[in-house]
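Trainee: One structure follows; several queries about it will come next.
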Amino acid sequence: MPLLPLALKISNKLTMKWNLATVAPADFINSFPEIDHNILQLLYNRQLTEQKSIDEFLYPDYSRDIHDPYLFRDMTRAVQRIVQAHQQKEKIAIYGDYDADGVCGSAILYRGLSFLGFTDLITYIPHREKEGYGVNKQAIDYLSEQGVKLVITVDCGISNRAEVKYAQQQYQMDVIISDHHDLPEFLPDAIAIIHCRLANSSYPYAYLSGGATGFKLVQGLLREPYFNISTKQIEGEEKWLLDLVACSIIGDMVPLLGENRTLTKYGLIVWQRTKRLGLQKLMELINIDPQQLDIQKISWQLVPRLNAAGRMKHANTAYQLLVTENIAEAITLASELNQSNIDRQKLTEQYVQMFLGEVVADFSQIAQQTLLFYHPGLMIGLLGLVAGKLADKLQRPVFVLTDRDQDIVGSGRSIDGYHITNALQKLEHYLVQYGGHMMACGLVINKDKFELFKKEIENDSRSLLLNHDLAGQIFIEQTLSLAAVDWPLFESIQLFAPFGEDNEEPIFLITQAQIVNYQLVGKDEQHLRLTIGQNGERRKAIAFNMADKVKLLKSQSDVDLAVKIIVNEWHGYRELQLKVIDIRN
Numbered sequence: 211m212p213l214l215p216l217a218l219k220i221s222n223k224l225t226m227k228w229n230l231a232t233v234a235p236a237d238f239i240n241s242f243p244e245i246d247h248n249i250l251q252l253l254y255n256r257q258l259t260e261q262k263s264i265d266e267f268l269y270p271d272y273s274r275d276i277h278d279p280y281l282f283r284d285m286t287r288a289v290q291r292i293v294q295a296h297q298q299k300e301k302i303a304i305y306g307d308y309d310a311d312g313v314c315g316s317a318i319l320y321r322g323l324s325f326l327g328f329t330d331l332i333t334y335i336p337h338r339e340k341e342g343y344g345v346n347k348q349a350i351d352y353l354s355e356q357g358v359k360l361v362i363t364v365d366c367g368i369s370n371r372a373e374v375k376y377a378q379q380q381y382q383m384d385v386i387i388s389d390h391h392d393l394p395e396f397l398p399d400a401i402a403i404i405h406c407r408l409a410n411s412s413y414p415y416a417y418l419s420g421g422a423t424g425f426k427l428v429q430g431l432l433r434e435p436y437f438n439i440s441t442k443q444i445e446g447e448e449k450w451l452l453d454l455v456a457c458s459i460i461g462d463m464v465p466l467l468g469e470n471r472t473l474t475k476y477g478l479i480v481w482q483r484t485k486r487l488g489l490q491k492l493m494e495l496i497n498i499d500p501q502q503l504d505i506q507k508i509s510w511q512l513v514p515r516l517n518a519a520g521r522m523k524h525a526n527t528a529y530q531l532l533v534t535e536n537i538a539e540a541i542t543l544a545s546e547l548n549q550s551n552i553d554r555q556k557l558t559e560q561y562v563q564m565f566l567g568e569v570v571a572d573f574s575q576i577a578q579q580t581l582l583f584y585h586p587g588l589m590i591g592l593l594g595l596v597a598g599k600l601a602d603k604l605q606r607p608v609f610v611l612t613d614r615d616q617d618i619v620g621s622g623r624s625i626d627g628y629h630i631t632n633a634l635q636k637l638e639h640y641l642v643q644y645g646g647h648m649m650a651c652g653l654v655i656n657k658d659k660f661e662l663f664k665k666e667i668e669n670d671s672r673s674l675l676l677n678h679d680l681a682g683q684i685f686i687e688q689t690l691s692l693a694a695v696d697w698p699l700f701e702s703i704q705l706f707a708p709f710g711e712d713n714e715e716p717i718f719l720i721t722q723a724q725i726v727n728y729q730l731v732g733k734d735e736q737h738l739r740l741t742i743g744q745n746g747e748r749r750k751a752i753a754f755n756m757a758d759k760v761k762l763l764k765s766q767s768d769v770d771l772a773v774k775i776i777v778n779e780w781h782g783y784r785e786l787q788l789k790v791i792d793i794r795n
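Quick look at the structure:
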């Protein structure tokens with residue numbers, strides 16, 4: 211059975227819960243008579259109720275919002291050790307992660323160190339399937355053979371206490387860690403740790419991405435008097451790194467607030483004029499106009515292609531795309547990444563279809579609080595993607611697992627209200643290895659303990675989720691009339707961009723609307739094109755993957771719609787349109 215009918219069968223049984231924001235109080239609205247009340251409601255929803263916080267959010271300023279890198283606890287120590295490496299002409303290894311955040315961070319460090327005159331550099335990114343996440347001893351052995359004396363990690367290393375000790379004791383190799391992942395109970399004994407949540411650190415922002423953390427290290431180096439960089443040169447070098455910084459922030463889905471928001475806003479400007487040949491050629495290949503680039507295009511089109519390298523083959527392809535200065539190589543690498551992404555999409559869809567088919571065949575599985583899918587021979591780099599799609603569709607915590615040698619490996623994705631990594635911590639006696647955060651995890655299970663683990667993880671989730679509302683949640687910012695949907699409102703909403711984690715694009719409620727007409731569109735007629743009416747006003751709308759709503763539309767009764775306001779562009783013509791998120795009568 212094709213994927214679409216499977217998905218529709220399931221979506222007919224699962225509903226979304228609409229949560230409407232509390233209406234902003236009159237005294238708040240009246241305090242800002244110069245601001246449209248619809249915009250004030252959005253500000254109130256984001257707890258922005260004072261003039262200073264409103265101005266800082268709506269009008270990010272690089273000189274005001276970007277924090278001093280020397281507020282990191284170990285920044286001085288890290289910079290001094292890197293200066294020593296320059297003085298002694300030591301070989302430095304940049305040790306990155308294989309996702310878009312880590313790849314961008316590796317390129318940021320490489321570019322920054324190269325600008326400062328370091329020539330003996332090597333970048334090492336582990337193979338996802340063969341080596342796994344983080345620093346490993348075999349990689350340390352290899353780097354020692356290459357003559358490396360200093361390793362600088364980016365987007366990894368904070369949990370590699372044993373490996374850092376191994377590098378120091380076995381090879382007298384120093385390690386500087388730059389990372390943003392959750393802090394373990396015991397930190398590695400590294401020369402320096404650049405991390406925004408370290409104890410006894412005065413750094414004021416706690417949610418930088420891995421690449422942004424690497425950028426702060428470069429910022430610290432640029433300000434070191436030893437390198438004798440002028441203020442103008444510092445500003446120029448920082449600016450041209452911001453496309454990569456923004457990509458890392460968007461790719462890792464860290465909160466788009468505070469310093470991240472400012473870095474991303476300025477990074478999008480740099481993207482429009484990026485000097486990176488690889489990014490230029492990749493955008494050309496997939497028909498992205500840099501002048502029209504936004505977070506959605508980066509998140510949905512560019513980041514997946516950078517991630518596809520590490521998922522399907524090796525992340526070195528994505529890294530090389532970001533640092534190459536050869537046009538022919540840039541064209542070749544862009545083509546390779548694009549093809550890897552096509553392959554990734556096809557295989558991911560096959561896996562999702564296979565597991566949705568299992569649920570449709572036996573829908574009693576939905577009675578379980580946690581769904582665990584196992585199949586031998588799956589590509590490990592795709593398990594997290596598949597788990598995420600299934601968790602979103604089935605509204606349950608989901609584990610997707612496959613075999614690797616004598617173990618079973620996999621990824622888990624959760625829902626609001628269930629800390630999936632804490633659940634694994636309770637069951638660590640069944641596990642060879644695990645890690646993650648509230649919404650996502652990776653794990654390795656001994657095959658002999660697999661059945662026991664399945665039973666216990668269900669028991670744990672049942673005790674926590676049995677009385678939990680498992681319906682998917684839609685947060686609705688406010689109720690709008692169709693008449694209020696106009697260009698001034700849309701342009702005011704764009705002041706809230708860039709949208710992303712913890713600053714989602716607003717969803718509005720349109721009540722008691724009529725469906726004037728509708729049409730099934732798309733390759734498999736899975737989408738709906740609509741005309742919506744209310745009190746004499748009409749607007750066009752698009753509803754993706756909502757062919758299952760046709761029966762509701764045929765009833766000719768009034769409907770309520772959860773929508774986003776978007777722009778439809780066609781041959782130079784722009785018109786406002788509604789993107790339907792959900793619909794009900």
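Taking my numbering, the leading residue of the sequence shown gets 211, the next gets one more, and so forth.
Each residue gets a CB set at the ideal place from its N, CA and C atoms; glycine is no exception.
1) Out of N548, L588 and L543, state which residue places its alpha-carbon closest to the alpha-carbon of Y561.
2) Sort out for me which residues DSSP pairs T329 with in a bridge.
3) Please confirm whether R623 and G645 have their CB atoms less than 7 Å apart.
4) Expressed to the nearest angstrom, what Euclidean distance is found between the alpha-carbon atoms of I387 and N497?
5) Would you check if the distance between the CB atom of V374 and the CB atom of A400 is smaller than 7 Å?
6) Who are the Cβ neighbours of V790 in its own chain at under 6 Å, not counting the five residues just before and after it?
7) Between P398 and N370, how many whole angstroms is the CB-CB distance? I'm expecting something under 8 Å.
8) Following the continuous alpha helix (DSSP H) through H737, name the residue where it begins and the one where it ends.
9) Contact defined as beta carbons within less than 8 Å: I believe V608 pairs with V654. What is the distance between those atoms, to the nearest angstrom?
10) Would you call the segment 534 to 553 and the segment 254 to 272 in contact, with 3 or more CB pairs under 8 Å?
11) Within this structure, are the beta carbons of V358 and A295 separated by less than 7 Å?
12) R371 by DSSP, collapsed to three states: which one?
13) To the nearest angstrom, how far is the alpha carbon of L328 from that of Y305?
14) Could you check if Q380 is buried or exposed, using at least 16 other CB atoms within 10 Å of its CB as the buried criterion?
15) May I ask you to verify whether the segment 532 to 550 touches the segment 565 to 573, counting CB pairs closer than 8 Å and requiring at least 3?
16) By alpha-carbon positions, which one of Y376, D365 and D615 ends up nearest to K347?
17) Do three or more CB pairs link the segment 729 to 739 to the segment 691 to 705 at distances below 8 Å?
18) Does DSSP put E266 in a helix, in a strand, or in coil?
19) Once you ignore the five residues that flank R672 on each side, which residues in its own chain have a CB closer than 6 Å to its CB?
20) With DSSP as the reference, label N229 as helix, strand or coil.
21) Please state whether DSSP places A723 in a helix, a strand or coil.
22) Please name the residue in P243, H247, C651 and L252 whose C-alpha comes closest to that of F685.
23) Taking CB distances under 7 Å as the criterion, tell me whether V569 reaches chain D.
24) Bridge partners for K340 per DSSP, in chain order?
25) Determine the closest residue to R256 out of Q643, G468 and L408, with distance taken between C-alpha atoms.
Mentor: In short, the structure shows the following:
1) L588
2) In the DSSP assignment, T329 is bridged to no other residue.
3) Between R623 and G645, the C-beta gap is not smaller than 7 Å, which leaves the two residues out of contact.
4) 38 Å
5) yes
6) A751, A753, L771 and V773
7) 6 Å
8) That residue, H737, is in no alpha helix (DSSP H); its beta strand (DSSP E) goes H737 to Q744.
9) That belief does not hold up - the Cβ atoms of V608 and V654 are roughly 17 Å apart, past 8 Å.
10) no
11) no
12) helix
13) For the sequence presented, residue 328 should be read as Phe rather than Leu. In this structure, the CA atom of F328 is about 16 Å from the CA atom of Y305.
14) exposed
15) no
16) Y376
17) no
18) helix
19) Scanning its chain for C-beta atoms nearer than 6 Å, with the 5 sequence neighbours on each side dropped, one finds around R672 the residues Q579, in chain order.
20) strand
21) strand
22) L252
23) Although the question refers to chain D, the structure presented lacks it and comprises just one protein chain.
24) Per DSSP, none; premise fails for K340.
25) G468
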